[in-house]
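Remarks on the structure that follows.
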Amino acid sequence: MNQPALPSREILVDIYRRMTLIKQNDERFLAVIKAGQIVAPYYSPRGQEAIPSALSVSLTDQDYICTIYRGFHDMLAKGVPVRMLWAEVAGRTTGTCKGKGGPMHITHPQSGVMVTTGIVGSSMPIANGLALAAQIRGEKRVAVAYFGDGASNIGAFHESLNMAAVWKLPVVFVCQNNGYGEHTRYEIATSAARISDRAAGYQIPGITVDGNDPLAMYHVARQAIERARSGEGPTLIEAKTFRFQGHVFGDADSYMLKGEKEAAMARDPVPAYRKWLIEQGHATEASLAKLEEAINAEISAAVEFALSSPVPDISELRRDVFAQEVLS
Amino acid sequence: MNQPALPSREILVDIYRRMTLIKQNDERFLAVIKAGQIVAPYYSPRGQEAIPSALSVSLTDQDYICTIYRGFHDMLAKGVPVRMLWAEVAGRTTGTCKGKGGPMHITHPQSGVMVTTGIVGSSMPIANGLALAAQIRGEKRVAVAYFGDGASNIGAFHESLNMAAVWKLPVVFVCQNNGYGEHTRYEIATSAARISDRAAGYQIPGITVDGNDPLAMYHVARQAIERARSGEGPTLIEAKTFRFQGHVFGDADSYMLKGEKEAAMARDPVPAYRKWLIEQGHATEASLAKLEEAINAEISAAVEFALSSPVPDISELRRDVFAQEVLS
Amino acid sequence: MNAAQAQTSKPLNTIQAVNLALDEAMRTDPNVILLGEDIADEQAGGIVGVTKGLSQKYGTSRVRSTPISEQAIIGAAIGAAIVGMRPVAEIMLMNFTAVAMDMIVNHAAKLRFMSGGQTHVPITIRTMTGAGFGTGGQHADYLEAWFAHTPGIKVVAPSSPADAYGLMLACIFDDDPCLFIENMPTYWNPGPAPQPGVRIPLGRANVLRPGTDVTVVSYSRTVADCVAVAEKLSKEGVSAEVLDLRTISPLDMDTVLQSVAKTRRAVIVHEAVKAFGVGAEIAANINEHLFGQLKAPVGRVGAYFSPVPFAKVLETEFVPTPARIEAALRATLK
Amino acid sequence: MNAAQAQTSKPLNTIQAVNLALDEAMRTDPNVILLGEDIADEQAGGIVGVTKGLSQKYGTSRVRSTPISEQAIIGAAIGAAIVGMRPVAEIMLMNFTAVAMDMIVNHAAKLRFMSGGQTHVPITIRTMTGAGFGTGGQHADYLEAWFAHTPGIKVVAPSSPADAYGLMLACIFDDDPCLFIENMPTYWNPGPAPQPGVRIPLGRANVLRPGTDVTVVSYSRTVADCVAVAEKLSKEGVSAEVLDLRTISPLDMDTVLQSVAKTRRAVIVHEAVKAFGVGAEIAANINEHLFGQLKAPVGRVGAYFSPVPFAKVLETEFVPTPARIEAALRATLK
Ligand SMILES: Cc1ncc(C[n+]2csc(CCOP(=O)(O)OP(=O)(O)O)c2C)c(N)n1
Ligand SMILES: Cc1ncc(C[n+]2csc(CCOP(=O)(O)OP(=O)(O)O)c2C)c(N)n1
Ligand SMILES: [Mg+2]
Ligand SMILES: [Mg+2]
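Chains as they are written, first to last, in the numbering used here: chain A, 42 to 369; chain B, 42 to 369; chain C, 213 to 546; chain D, 213 to 546.
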């Protein structure tokens, strides 16, 4: 494959903006949780920033994503307002879901974040449905399903890829392979040398890419999105990456290979990309510092907004179960 | 691949014996059902005789199979006594399952038929468990999971193949690809050019074979069974075939391609193999006629046995739910 | 008057009634789509022909035969529903809901709540079940209690072709997920034609046969047996009121309590296993709300505590027989 | 006396108790094997360490970390069980039973019956659940009613570490499939040590606190709240008898009826959604068997009819609070 053309400077910086938002958001989140200001299970996506950032620049608000409990990066890259995300995780009425869903169930249709799920494998079948609606209606929307390497072993993965393939649905399956499913290393659970090898069983393209390389990820994602948008059907992308905070906040990482995490953190994609942007002249230190500061301020405002917002009323337990309020 | 050595004459004839038993049993079954002597749903395996017949000669009673609602051929080839099969389908206490299971749930541990299931895809995960027990205990037993082409699209298929592969379980997955799942043609539902292509996603061998060619089937099955028995792990076999009676007794076949069934029936594997055996000098017309007659007599005796056996007592509704009888 | 409407003047069976309702819904709303195994006409319009003619009429884009992939089927329906479509997904037999349980209960039923009302899942899951065809342990379970215990999904079970028509329309156009349970062995039984285009409201029981001495609460196939037993007892001067729940969740306890407040005796009948079944919830509620007013313990009739057996003698006895229903009524009247 | 037994003299929590029971079972029977996600020591012995040390002791052939494949996990357990092993399979959270529902209810629960008793499935499915950790709608459901309604599988839910130990041993060595429900938020609460090696019989309720004025029936986490409320009311002279079911199916109605025959008042409490829950079956039975003998309607306390909410204020109110339990008792005593 020829080296494809570099995206515009605007896009390059936009990817960095999204990555930085995710990274800073994560750092603040850990701080706020550690301080006990918010109590919620937290599955940090730190280290996986590049994947949805490089992908989302090729999507519009009209496109859909379905993501998972770890998907704060996917949501932020797709445009969920930071303050609504914080308010949700703080369990406030101003949150995306009025505080009723929580971190594992963020939904924000305005930005195309249609489902966040806590059940491994379930982002894929629902993404198919979003794509199906677009296909039937003749809309040019694309649906992206994010999931992990562990999820590639569950039945729903198989059913979804097969259905998407036979129906040529406009969907992109993005497996964020961070080497572990909870405490279980890839090889212990997964029989494929590469998850992308499984695409052959569905006669669809399967590509393994360095998910921590924003440029590589951008090109692979763009091609898959265009393929979907033009009606040629799904693609399976395996984006290799690593998670810096273990499975869930508080995880002791005892199951990891020695030095593995340290090595991955030394290759942290966010500073690496920053360095590259400046070195290549796509941005200046000053411009990025300014951007980072603005993000920092946005997050601070979001935290404050969240923590000062009201908690829901008990009557909410009777609402949104059905369209009509539950009476008994 | 070199043409492997021809099996012994004994084996060659034994394969024919099993095929004939299946074919005759099916013919009698249809007659008895049409006559209204037995009322039961019937999923005829007619046309698929060669697959389990050519496979089972490489198994012993110690080996296990899990099969499906269509699996009368698999059961008979594995050695379920004909009269117990008939008695079960007639709902009699002398049946394999005392009349409580019926045709879709034949079990006969003495011959290694451990599970017959009516849920598409579910033979595979249970076969894994049989293989797992053998592996843990250091027994040299092999488990065979039979299933259809349609079943290769359900989640349990994927989970089972992956687990069997990572654990190197002594299991053989045999997909009997008869071109249809109920009324749905292979291509409409299945994204793989060949089901065996899916094996690559699990790093296990995947082989497509003409399931109506007893010799080809014998060699492929034997190799997979030996592989499993020697601890090298699972194999996915796709055995191509056709069903002559549609999905279920009474099926009008309106969904089939024109002439497809007639063409397949013209290539009926049973008479074709019979002809070959005689032509090649592995058997004589007289010896096969005798064998066929004996089978005919065995089936007649089985039908009589079944229809003259007693039906279960109502108290059976309280037995075999738990180890202890249900009291209330 | 279109062809569909003209047809409704003569008696029809449940297969035809559901077909008509689907046809009517698809005709009036392009957001209605159908998903399921074998449902398009190239696949003979379903395993017993419920969807016959619909793909020819509305195209295979809207009437899709699927792979055997129940999780993917319900997932696809959910995804399409949250962006405004009204998918009708078929899970061929109710036992197969077990493979799609995650999609149904963890997703379809919960997304409205978990999203804080931003999305909702107006899908209808059609499924069929019922003992009587000798299909054995994995093809005939009534599992409505699982779903009734699941907040966020409605559970509907018609007892006649006309009800199937009106309730199916109501389900499709309801803004919540609905599980629609069709009884297979009675599919071919004819009944009076429905009112074309008229939906039967969900969540309301139907007083099918008024009476004053005892209330019989049922739904789906067993309703007919209850009516037959009521007729039989009427010859002895017993006036039994038969309620057809139609919707199991949300449960119309108001109608049930009103009836039992009058009769002061009640028997609940369903084909599902009695233990921990829908009848338990109804009985518990009757006892709670009409405490001290009942003349006899609330009776419950359901299937034995066993898997569905194969042998005909066992299968026949397994489900509530008219004899068992009658015995329960008599016990209540003693 | 081995190390495991020595350890049991001091208080321990449920994580330790289940670990000890598994250890004991594996030590005494080579047919006991463990399957589940992350359960081997290389994977840190489970997500909260319930299986810690066991793979080191018994090897990774018998203690297997699995792929995330719940259908394959239960399938493997079933297959091994029908040829004589006693697998203990972990489904990490009860909501995930939804993806393995087919294997559990259509196969594990039915094979004994469908095979006419030729095979049986002595598996134990360990699962954990319970609201309180802010995990939201898909991680904390109590779904025992689904399984109690399924003939062929036993349902067990311990309320203390010692019970967890004795009941786990009983489940493993029982010849039927058992679903064993552990409450996650109380995992770390210490309790008295169990009797080493002693199994607690399945199908028998435990009279945890004798009393004469009202019977409180519960299981799992809410038992402790019921006892606390009983203690509180005792200061007002109310003597509440608290029964811990221990086994939900088969249900020990004998013990419940014996108690209520004496107290003539009953309240049933569980964390599961009240509607169509286990409490309905118990209430229906009490009303049926003690008709005319009760002094008050049977009370039921359960979760609201909604998915498990996230926000702490909602989550706290969603489950039966001590206040709601107390109110139900007081209503019964009026
Ligand atoms: C069906 C199901 N099984 C098990 C779990 C518990 N669980 C939560 S996250 C997880 C690991 C998933 O790993 P992977 O797919 O690689 O995603 P990652 O967390 O690494 O991003 C598991 C097993 C679950 N949520 N759903
Ligand atoms: C989970 C599940 N879904 C649907 C069905 C209904 N059903 C029974 S057989 C069948 C077709 C299976 O086709 P295939 O696997 O090719 O096997 P064949 O019948 O052709 O031998 C279907 C859809 C079922 N039994 N189980
Ligand atoms: Mg991972
Ligand atoms: Mg087939």
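For every residue, glycine included, the Cβ atom is placed at its ideal position computed from N, Cα and C.
Could you tell me the alpha carbon to alpha carbon distance between residue i and residue j, rounded to whole angstroms?
| i | j | result |
| --- | --- | --- |
| E228 of chain A | Q217 of chain A | 15 angstroms |
| R58 of chain B | E200 of chain A | 39 angstroms |
| A216 of chain D | P519 of chain C | Caution applies to A216 of chain D, whose pLDDT of 47 falls short of 50 and renders its modelled position unreliable; the model cannot decide the point. |
| T61 of chain B | K119 of chain B | 14 angstroms |
| A452 of chain D | G257 of chain D | 41 angstroms |
| M370 of chain A | H224 of chain A | Residue 370 of chain A falls outside the range modelled here, since chain A spans only 42 to 369, and no answer is possible. |
| S471 of chain C | A343 of chain B | 56 angstroms |
| T475 of chain D | Q151 of chain A | 58 angstroms |
| S267 of chain D | L224 of chain D | 21 angstroms |
| A357 of chain C | A192 of chain A | 30 angstroms |
| V362 of chain A | D464 of chain C | 17 angstroms |
| N243 of chain D | A175 of chain B | 11 angstroms |
| I372 of chain B | L71 of chain B | Outside the displayed range of chain B (42 to 369) lies residue 372 of chain B, so it cannot be described from this structure. |
| M213 of chain C | K264 of chain C | Because the pLDDT of M213 of chain C is 37, which lies under 50, any placement of that residue in the model is unreliable, and the question is left without a value. |
DSSP puts residue i in a beta bridge; with which residues?
| i | result |
| --- | --- |
| F392 of chain D | D:R338, D:V368 |
| H501 of chain C | Looking at the DSSP assignment, H501 of chain C forms no beta bridge with any residue, so it has no partner. |
| D425 of chain D | BP columns for D425 of chain D are empty, so no partner. |
| T158 of chain B | B:I109 |
| I494 of chain D | Bridge partners of I494 of chain D: none, in fact. |
If you follow the alpha helix (DSSP H) that residue i is in, where does it begin and where does it stop?
| i | result |
| --- | --- |
| R124 of chain A | 123-130 |
| F359 of chain D | 356-360 |
| K444 of chain C | 434-446 |
Which two residues bound the contiguous beta strand (DSSP E) that contains residue i?
| i | result |
| --- | --- |
| S97 of chain A | Run containing S97 of chain A: none in the beta strand (DSSP E); it sits in the alpha helix (DSSP H), 91-97. |
| R512 of chain D | 511-515 |
| Q217 of chain A | 212-218 |
| N169 of chain A | Premise fails: N169 of chain A lies in the alpha helix (DSSP H), 164-178, not in any beta strand (DSSP E). |
| R416 of chain C | Run containing R416 of chain C: none; DSSP gives neither H nor E here. |
Could you tell me whether any Cβ in chain A is nearer than 9 angstroms to the Cβ of residue i?
| i | result |
| --- | --- |
| G511 of chain D | no |
| T339 of chain D | no |
| V262 of chain D | no |
Are the C-beta atoms of residue i and some chain D residue less than 9 angstroms apart?
| i | result |
| --- | --- |
| W400 of chain C | no |
| T158 of chain A | yes |
| C138 of chain A | yes |
| I355 of chain A | yes |
So with Cβ pairs under 9 angstroms, would you call residue i a contact of chain E?
| i | result |
| --- | --- |
| N194 of chain A | Of the protein chains in the structure, A, B, C and D, none is chain E. |
Can you check whether the C-beta of residue i is within less than 9 angstroms of a C-beta belonging to chain C?
| i | result |
| --- | --- |
| P519 of chain D | yes |
| V461 of chain D | Residue identity check: residue 461 of chain D is Ser in the sequence provided, not Val. Interface residue, yes. |
| F363 of chain A | yes |
Are the C-beta of residue i and some C-beta of chain B separated by less than 9 angstroms?
| i | result |
| --- | --- |
| G346 of chain C | yes |
| F325 of chain C | no |
Inter-stretch contact at 8 angstroms, needing at least 3 Cβ pairs: the region 486-496 of chain D / the region 493-503 of chain C: yes
Would you say the region 104-118 of chain A touches the region 308-327 of chain D, given that touching needs at least three Cβ pairs under 8 angstroms? no
At least 3 beta-carbon pairs within less than 8 angstroms: the region 229-248 of chain A vs the region 199-208 of chain B: yes
With three or more beta-carbon pairs closer than 8 angstroms as the criterion, would you say the region 412-422 of chain D touches the region 372-384 of chain D? yes
Tell me, please, whether the region 70-87 of chain B touches the region 273-281 of chain B by the rule of three or more beta-carbon pairs shorter than 8 angstroms. no
Three or more C-beta pairs closer than 8 angstroms, one from the region 138-157 of chain A and one from the region 335-342 of chain C: is that the case here? no
With a cut-off of 8 angstroms, do at least 3 Cβ pairs link the region 342-358 of chain A to the region 277-291 of chain A? no
Measuring CB atoms only, is the region 316-333 of chain D touching the region 281-295 of chain D, in the sense that at least three cross pairs come out at less than 8 angstroms? yes
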